[in-house]
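Trainee: Chains as they are written, first to last, in our numbering: chain A, 9 to 220; chain B, 9 to 220. Submitted below is the structure of interest, expressed as structure tokens.
2 protein chains.
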Amino acid sequence: MKINQKNKIMPDPILTTEKIILEAAKKVFLEKGFEGSRMQLIADEADINKALLHYYFRSKDNLFEAIFEEAFMQFLPNISQVLNSELPLVDKVNAFVEQYINMLQNNPHLPIFIMRELQREPQRIIELIKKLGLKPELIEAFFKKEKEKNQIVTIPTTHLLVNIISLCVFPFMARPIIEGIVFNNDKEAFNNFLQERKKLVADFIINAITVK
Amino acid sequence: MKINQKNKIMPDPILTTEKIILEAAKKVFLEKGFEGSRMQLIADEADINKALLHYYFRSKDNLFEAIFEEAFMQFLPNISQVLNSELPLVDKVNAFVEQYINMLQNNPHLPIFIMRELQREPQRIIELIKKLGLKPELIEAFFKKEKEKNQIVTIPTTHLLVNIISLCVFPFMARPIIEGIVFNNDKEAFNNFLQERKKLVADFIINAITVK
DNA sequence: GTCTATATTGTGATAGAC
DNA sequence: GTCTATCACAATATAGAC
């Protein structure tokens, strides 16, 4: 996404057409996925016409790619931030869960979007991730320090990490079921549910991994 | 797919055209979703031509609906089965997790498929679910007995249930990431990972909810 | 019931005026 | 840069022969 007109003086964070398009595309793609999105709808959302989309981004594919990379980076939890802190285990988990669920509350469509596109073109996206420099080694280091201190039960770090992410992310994917069926379409009730979860999930994890 | 009529003698599981179509449609829809699927591809998969699809099912929509309802029922965990057993809590959780992950291993595309379509038409599908008679009350009863026995910590049943499902389902949605990045595209390693999970997830849950 | 051929509509993309 | 008009093709759906 460097297509940006070079060094023109940009007096204000003025909404250039390109940025407007990207915002509109993000909204539409996030909600409907690549295949469910229509260039016309993005144009409407940006209040311009289709031709302009192709003028700025040659194709739907290009426009999508400009969106996806940023979205994926946002979805990846900021592991190193937790890793590098010197907080006690309990605080680390609490901080991570709260921060991650907060992010998802601000981007509720992100999880399904990412999973959907991963399913559509797994290999292409794996290449992208590798290009971005995501290293499995980082994951291995996640709870290393804690383990050495014998503060947690012996669960493989990969499983532990997957468990934590699962507990945070899944409710957003299953939202239509939870909100629609369990809470009878009461959005307020679902938001309360998410709010409660921040503490409950952290406690759940701490309980699960603490040696008794 | 009433599957195996128990012990009826099945002279030949005669493959009527309609059933062949349904099988082909299931395969394609499950993998690519409604919007990503093409009638032509389903026809190819069934080794017939497009026109026949429309002869049996008037439209793509109809064909899809014939698939979705069954898939959704399969996705819903069989809660009452666990509920009605008289096993100790530990065994209940173990049995549930193993059985549910087993089912997902046999239908790895199910989770993303369901979530994707829920996102596409939430209201329509909520209506379907209600028609099918899913009752929130069932959920409330889930761990009621255990709670009365004070065997578990006080976590709201809804959260507990969501946690359990999350831990089972999410890895299948994130499969491309886990298999592709963590396990370097080694399918065998990912399957081992799933195998381990059956016990690890059950332990994780038990640990989390057991009073110390 | 099953096929081929065709109609119809939707959608990404381009040409060309301004 | 932005627009209108249009192309080209893909995809659902139907007509009609057999």
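Each residue gets a CB set at the ideal place from its N, CA and C atoms; glycine is no exception.
Does DSSP put residue 160 of chain B in a helix, a strand or coil?
Mentor: Looking up residue 160 of chain B in the second sequence gives position 152. Strand.
Trainee: Closer than 8 Å is the cut-off here; do at least three beta carbon pairs connect the stretch 74 to 85 of chain B with the stretch 43 to 60 of chain B?
Mentor: The stretch 74 to 85 of chain B vs the stretch 43 to 60 of chain B: no contact.
Trainee: Assign residue 218 of chain B to one of three DSSP states: helix, strand, or coil.
Mentor: Stepping through the second sequence from its first residue, residue 218 of chain B is reached at position 210. Of the three classes helix, strand and coil, the one that applies to residue 218 of chain B here is strand, per DSSP.
Trainee: Please name the residues in the stretch 179 to 190 of chain B whose beta-carbon is closer than 9 Å to at least one beta-carbon of chain A, in chain order.
Mentor: Per Cβ criterion, the list reads 179, 181, 182, 183, 184, 185, 186, 187, 188, 189 and 190.
Trainee: Just the C-alpha distance for residue 117 of chain B and residue 121 of chain A, rounded to the nearest angstrom, thanks.
Mentor: Reading the second sequence from its first residue, position 109 is the one you call residue 117 of chain B. Reading the first sequence from its first residue, position 113 is the one you call residue 121 of chain A. Approximately 16 Å, taken between the alpha carbons.
Trainee: If I'm right that residue 43 of chain A touches residue 76 of chain A with Cβ under 8 Å, what's the distance once you round it to whole angstroms?
Mentor: Residue mapping note: residue 43 of chain A aligns to position 35 of the first sequence, counting from 1. Residue mapping note: residue 76 of chain A aligns to position 68 of the first sequence, counting from 1. That pair is no contact at about 13 Å.
Trainee: Report buried or exposed for residue 92 of chain A, applying the criterion of at least 16 other Cβ atoms within 10 angstroms of its Cβ.
Mentor: Start at 1 with the first residue of the first sequence, and residue 92 of chain A comes out as number 84. Residue 92 of chain A comes out exposed.
Trainee: Look at the Cβ atom of residue 179 of chain B, then the Cβ atom of residue 161 of chain A, and state whether they are nearer than 8 Å.
Mentor: Here residue 179 of chain B is taken as the residue at index 171 of the second sequence, counted from 1. Here residue 161 of chain A is taken as the residue at index 153 of the first sequence, counted from 1. Their beta carbons are not under 8 Å apart, which means residue 179 of chain B does not touch residue 161 of chain A by this criterion.
Trainee: Using beta carbons (cut-off 8 Å, strictly below), is residue 216 of chain B in contact with chain A?
Mentor: The sequence position of residue 216 of chain B within the second sequence is 208, counting from 1. Closer than 8 Å: yes.
Trainee: Within 10 angstroms of the Cβ of residue 66 of chain B, are there 16 or more other Cβ atoms? Answer buried if so, exposed if not.
Mentor: By 1-based counting over the second sequence, the position of residue 66 of chain B is 58. By the 10 Å Cβ count, residue 66 of chain B comes out exposed.
Trainee: Would residue 90 of chain A count as contacting chain B if we go by Cβ distances under 8 Å?
Mentor: On the first sequence, position 82 is the one that residue 90 of chain A refers to. No, because no Cβ of chain B sits closer than 8 Å to the Cβ of residue 90 of chain A.
Trainee: Would you say residue 115 of chain B lies against chain A (beta-carbon separation less than 8 Å)?
Mentor: The residue labelled residue 115 of chain B in the question sits at position 107 within the second sequence. Chain A, which has no Cβ nearer than 8 Å to the Cβ of residue 115 of chain B, makes this no.
Trainee: Expressed to the nearest angstrom, what Euclidean distance is found between the alpha-carbon atoms of residue 70 of chain B and residue 37 of chain B?
Mentor: Residue numbering aside, residue 70 of chain B sits at position 62 when the second sequence is read from its first letter. Residue numbering aside, residue 37 of chain B sits at position 29 when the second sequence is read from its first letter. Distance between the alpha carbons of residue 70 of chain B and residue 37 of chain B is about 13 Å.
Trainee: Return no unless some Cβ of chain A is closer than 8 Å to the Cβ of residue 9 of chain B.
Mentor: Counting from one through the second sequence, the residue named residue 9 of chain B turns up at place 1. Legend: pLDDT at residue 9 of chain B = 37, less than 50; position of this residue unreliable, value from coordinates given subsequently. Answer no: the Cβ-Cβ gap between residue 9 of chain B and chain A never drops below 8 Å.
Trainee: Enumerated in chain order, which unbroken segments of the alpha helix (DSSP H) with a length of 4 residues or greater are wholly contained in the stretch 61 to 123 of chain A?
Mentor: Entirely contained in the stretch 61 to 123 of chain A, the alpha helix (DSSP H) runs reaching 4 residues are, in chain order, 68 to 83, 87 to 92 and 97 to 114.
Trainee: Quick one: is residue 190 of chain A buried, meaning 16 or more other Cβ sit within 10 Å of its Cβ, or exposed?
Mentor: For this step, residue 190 of chain A is matched to residue 182 along the first sequence. With 16 or more other Cβ atoms within 10 Å, it is buried.
Trainee: Would you mind working out which of B:41, B:39, B:55 and B:40 sits nearest residue 23 of chain B, comparing C-alpha positions?
Mentor: Position 15 of the second sequence, counting from 1, holds the residue named residue 23 of chain B. Taking only the C-alpha atoms, the option nearest residue 23 of chain B is B:55.
Trainee: Do we get a CB-CB distance below 8 Å when we pair residue 174 of chain B with the residues of chain A?
Mentor: For the purposes of this step, residue 174 of chain B is identified with residue 166 of the second sequence, where counting begins at 1. Interface residue, yes.
Trainee: Compare the C-beta of residue 127 of chain B against all C-beta atoms of chain A and say whether one is closer than 8 Å.
Mentor: Residue numbering aside, residue 127 of chain B sits at position 119 when the second sequence is read from its first letter. Yes, its Cβ sits closer than 8 Å to a Cβ of chain A.
Trainee: Under three-state DSSP, which class holds residue 45 of chain B?
Mentor: As a first step, residue 45 of chain B must be located in the second sequence, where it is residue number 37. Coil at residue 45 of chain B, not helix or strand.
Trainee: Counting only C-beta atoms, is residue 199 of chain B closer than 8 Å to chain A at any point?
Mentor: Translated into positions along the second sequence, residue 199 of chain B becomes position 191. Not one chain A Cβ lies under 8 Å of residue 199 of chain B.
Trainee: Taking 8 Å as the CB-CB limit, is residue 142 of chain B close to chain A?
Mentor: Residue numbering aside, residue 142 of chain B sits at position 134 when the second sequence is read from its first letter. Yes, contact with chain A.
Trainee: How big is the Cα-Cα spacing for residue 188 of chain A and residue 141 of chain B?
Mentor: In the first sequence, residue 188 of chain A corresponds to position 180, counting from 1. In the second sequence, residue 141 of chain B corresponds to position 133, counting from 1. Going from the Cα of residue 188 of chain A to the Cα of residue 141 of chain B covers about 14 Å.
Trainee: From the DSSP output, in three-state form, read off residue 136 of chain B for me.
Mentor: The sequence position of residue 136 of chain B within the second sequence is 128, counting from 1. Correct three-state label for residue 136 of chain B: helix.
Trainee: Which chain A residues are close to residue 234 of chain B, counting only those with a beta carbon under 7 Å from its beta carbon?
Mentor: This structure cannot settle anything about residue 234 of chain B, because the visible part of chain B is limited to 9 through 220.
Trainee: Does residue 70 of chain A come within less than 8 Å of chain B when only Cβ atoms are used?
Mentor: Residue numbering aside, residue 70 of chain A sits at position 62 when the first sequence is read from its first letter. False, the Cβ-Cβ gap to chain B never drops below 8 Å.
Trainee: Note down the Cα distance separating residue 209 of chain A from residue 29 of chain B, rounded to an integer number of angstroms.
Mentor: Position 201 of the first sequence, counting from 1, holds the residue named residue 209 of chain A. Position 21 of the second sequence, counting from 1, holds the residue named residue 29 of chain B. Those two C-alpha atoms are separated by around 44 Å.
Trainee: Using C-beta distances below 6 Å, list every residue in its chain close to residue 26 of chain A, excluding the 5 sequence neighbours before and after it, in chain order.
Mentor: Position 18 of the first sequence, counted from the start, is the residue given in the question as residue 26 of chain A. The residues are 64.
Trainee: Which residues of chain B have a Cβ atom closer than 7 Å to the Cβ of residue 207 of chain A, listed in chain order?
Mentor: Numbered from 1 along the first sequence, position 199 holds the residue referred to as residue 207 of chain A. Result: empty, since nearest Cβ-Cβ is about 10 Å, beyond 7 Å.
Trainee: When you compare only the Cα positions, how much space is there between residue 185 of chain A and residue 35 of chain B?
Mentor: The residue given as residue 185 of chain A occupies position 177 in the first sequence. The residue given as residue 35 of chain B occupies position 27 in the second sequence. C-alpha separation (whole angstroms): 24 Å.
Trainee: Quick check: residue 95 of chain A and residue 176 of chain A, are their CB atoms within less than 8 Å of each other?
Mentor: The residue labelled residue 95 of chain A in the question sits at position 87 within the first sequence. The residue labelled residue 176 of chain A in the question sits at position 168 within the first sequence. Taking 8 Å as the Cβ cut-off, residue 95 of chain A and residue 176 of chain A do not qualify as a contacting pair.
Trainee: Helix, strand or coil for residue 187 of chain A? Go by DSSP, reduced to three states.
Mentor: Position 179 of the first sequence, counted from the first residue, corresponds to residue 187 of chain A. Three-state result, residue 187 of chain A: helix.
Trainee: So, at 8 Å on beta carbons, what are the nonlocal neighbours of residue 15 of chain A in its own chain, with the 5 sequence-adjacent residues on each side left out?
Mentor: Position 7 of the first sequence, counted from the first residue, corresponds to residue 15 of chain A. Interpretation of residue 15 of chain A is limited by its pLDDT of 44, a score under 50 that renders its predicted location unreliable; no figure is taken from the coordinates.
Trainee: Which of the three DSSP states is assigned to residue 53 of chain A in this structure?
Mentor: The count along the first sequence starts at 1 and reaches residue 53 of chain A at position 45. The answer is helix: DSSP assigns residue 53 of chain A an H, G or I state.
Trainee: Determine whether the beta carbon atoms of residue 105 of chain B and residue 206 of chain B lie at a separation below 8 Å.
Mentor: In the second sequence, the residue the question calls residue 105 of chain B occupies position 97. In the second sequence, the residue the question calls residue 206 of chain B occupies position 198. A contact, by the Cβ cut-off of 8 Å.
Trainee: What residue from A:203, A:33 and A:128 has the CA that sits closest to residue 74 of chain A's CA?
Mentor: As a position in the first sequence, residue 74 of chain A is number 66, starting the count at 1. If we check each option's Cα against that of residue 74 of chain A, A:33 comes out closest.
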